[in-house]
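>
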Amino acid sequence: MSPSLRSRCERFGAPVLLVVLLLMAGCGKFFVSESSGSSGSSGTGNYLYVANATTGSVAGFSLSSSGLAVTSNSPYSLGVAPSSIAATPNGAFTYVASLAGAIYGYSVGTGGALSLLNSGSAVVSQISPNAIAIDPTGKWLVAVDLTPTAYLFSINTSTGLLTSAGNIALDSGSPNAITFTPAGTLAYVSLGTGGVDILTFNASTGALGKSNLILKPKSTNNADYGLAVDPESKYLFVTETGLNGVRVLSIASNGGLTEISGSPYATGLGPVAVLVDSTGSYVYVANRTDGTISAFTLTSSTGALSKISGSPFTTGTNPASLVEDQTDAYLAVANSGGSPDLQVFTIGSGTGALTSLATATTGTDPTGALAVVSAK
């Protein structure tokens with residue numbers, strides 16, 4: 001059994017003697033095929049891509065139990081400062097947004113090497129997104145800018161090119177993050193001091209609409225930043241500065257949010273990013289100001305969070321972005337202040353505790369590593 005499969009199965013408590021059954025059943029975990037409808041995916045490997053704001057580049061790495069290895073020709077020069085990065089669920093394409101007024105696309109090739117789409121020209125121009133996200137089907141990309149507006153694009157799953165599919169005005173605020181529910185029926189946009197906009201979404205048609213609902217910060221001096229939804233689409237997690245905590249809210253069918261008893265949960269200083277692992281067992285929060293990750297276990301039936309032993313875990317300077325790798329065994333963090341730029345932790349089997357596996361520079365320091373995504 002491969003190390004990645006062994007790690008995944010151990011996290012579900014599967015005995016090694018059931019190898020044959022696990023190979024057939026995927027350790028009892030259900031997956032939607034990630035290769036359907038896309039001819040561009042390399043289909044092999046486990047890759048991380050880091051957007052570097054200071055150097056105007058993207059750094060690529062392959063990840064294994066042995067650590068990190070640089071992909072061919074990395075870092076990839078973009079020529080403008082990235083503001084956000086996103087990858088399709090099947091790993092075929094990676095997109096980088098820039099406040100300079102464009103979105104660029106890359107195809108993911110053999111060994112994780114990136115190649116610019118559209119002969120090196122932007123796949124979208126004349127908008128200045130500060131955040132982008134791709135829906136669970138990999139067919140739609142949403143970009144938000146400071147006007148504030150949300151722009152919808154359809155993704156050609158063969159070529160990776162984007163086609164405009166409309167836009168909607170957002171509520172007042174400064175958009176900085178987007179997340180979809182895994183069920184693909186809702187989307188949330190954090191607006192800083194404006195709170196969180198609640199949008200309806202149809203994954204079949206790409207229809208994006210206003211719900212006329214909004215989550216306000218706990219205090220007018222607070223700001224909402226990081227967003228995450230658990231795998232069952234039951235809870236929304238929101239990091240909020242000012243209170244230095246993560247809020248947990250139950251999700252109604254119309255997208256409406258109700259804060260659970262016990263929320264918010266205390267984190268470190270300056271929480272900016274939040275991630276729920278693929279099993280729905282653990283929640284991680286990157287604390288930008290104090291350079292740590294707060295880690296919690298999640299009780300799925302209630303949404304309650306409990307601190308993991310050893311939390312908070314030390315990162316580099318100014319952690320800004322978190323991602324779980326494709327094998328669900330590792331957590332990667334991009335540190336915008338460096339020391340190091342990229343850091344990878346092993347997720348403890350059955351505990352969720354983080355153990356440092358590897359670190360890497362993402363170019364000529366300082367790189368300003370602002371965001372990290374995973375692809376395969």
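Per my numbering, residue 1 is the first one in the sequence shown, and the count goes up by one each step.
Built from N, CA and C at the ideal position, the CB exists for glycine as well.
What you are looking at is a predicted structure, and each value in this text was computed from that prediction instead of being measured.
In terms of alpha-carbon separation, which member of ASN46, GLY56, LEU48 and LEU354 lies closest to PRO366?
GLY56
> Under 8 Å, with one C-beta from each stretch per pair, do the segment 224 to 236 and the segment 180 to 190 reach the 3-pair mark?
Short answer: they touch.
> Between the beta-carbon of SER294 and the beta-carbon of PRO312, is there less than 7 Å?
yes
> Bridge partners for PRO387 per DSSP, in chain order?
Residue 387 lies beyond the residue range present for the chain, which begins at 1 and ends at 376; the question has no answer from this structure.
> Given a threshold of 16 other Cβ atoms within 10 Å of its Cβ, counted over all protein chains shown, does GLY368 qualify as buried or as exposed?
buried
> Flag this pair as touching only if the segment 161 to 169 and the segment 213 to 231 have three or more C-beta atom pairs under 8 Å; answer yes or no.
no
> What does DSSP give as the partner residues of LEU78 in its beta bridges?
DSSP, once it has assigned bridges, lists no residue as partnering LEU78.
> Taking the straight line between their C-alpha atoms, what separation do you get for GLY337 and LEU191?
23 Å
> Give me whichever residues DSSP pairs with THR94 in a beta bridge.
ALA87 and TYR106
> Compare the beta carbon distance of ALA334 and ALA371 with 7 Å and say whether it is the shorter of the two.
yes
> Which one of SER64, ALA203, GLY242 and ASN176 has the shortest CA to CA distance from SER98?
The alpha carbon of SER98 has as its nearest neighbour, out of SER64, ALA203, GLY242 and ASN176, the alpha carbon of ASN176.
> How many angstroms separate the CA atom of GLY310 from the CA atom of ALA375?
Each residue's alpha carbon lies about 29 Å from the other.
> Which same chain residues, not among the five before or five after LEU275, have their C-beta less than 6 Å away from its C-beta?
ALA228, TYR284 and LEU322
> Are the CB atoms of ALA81 and ALA122 within a distance shorter than 7 Å?
no
> So, is GLY79 buried or exposed, given that buried needs 16 or more other C-beta atoms within 10 angstroms?
exposed
> Tell me, to the nearest whole angstrom, how far the beta carbon of ALA223 is from that of THR200; I am working on the premise that it is less than 8 Å.
Incorrect: roughly 24 Å between the Cβ atoms, too far for contact.
> Measuring only the C-alpha atoms, how far is SER77 from VAL58?
Roughly 7 Å between the two C-alpha positions.
> Using only CA atoms, which one of ALA92, ALA113, ALA100 and GLY101 lies nearest to THR71?
ALA113
> Given a threshold of 16 other Cβ atoms within 10 Å of its Cβ, counted over all protein chains shown, does SER278 qualify as buried or as exposed?
buried
> Start and end of the beta strand (DSSP E) containing ILE251?
First-last of the beta strand (DSSP E) with ILE251: 245 to 251.
> In terms of residue numbering, what span does the beta strand (DSSP E) encompassing GLY363 cover?
Segment: none, GLY363 is in no beta strand (DSSP E) and carries neither H nor E.
> Specify the secondary structure class of GLY120 as computed by DSSP and reduced to three states.
helix
> Please say whether VAL108 and VAL144 have beta carbons closer to each other than 7 Å?
For VAL144 and VAL108, no; Cβs fall outside 7 Å.
> With DSSP as the reference, label GLY226 as helix, strand or coil.
strand
> Secondary structure at GLY101, three-state DSSP: helix, strand or coil?
coil
> Just tell me which of SER66, GLY101, PRO129 and ALA100 has its CA closest to the CA of ALA86.
PRO129
> Alpha carbon to alpha carbon, what distance is there between ALA169 and SER219?
24 Å
> Which residues mark the beginning and the end of the beta strand (DSSP E) in which GLN343 is found?
342 to 347
> Since GLY60 is in the beta strand (DSSP E), which residue starts that stretch and which ends it?
57 to 64
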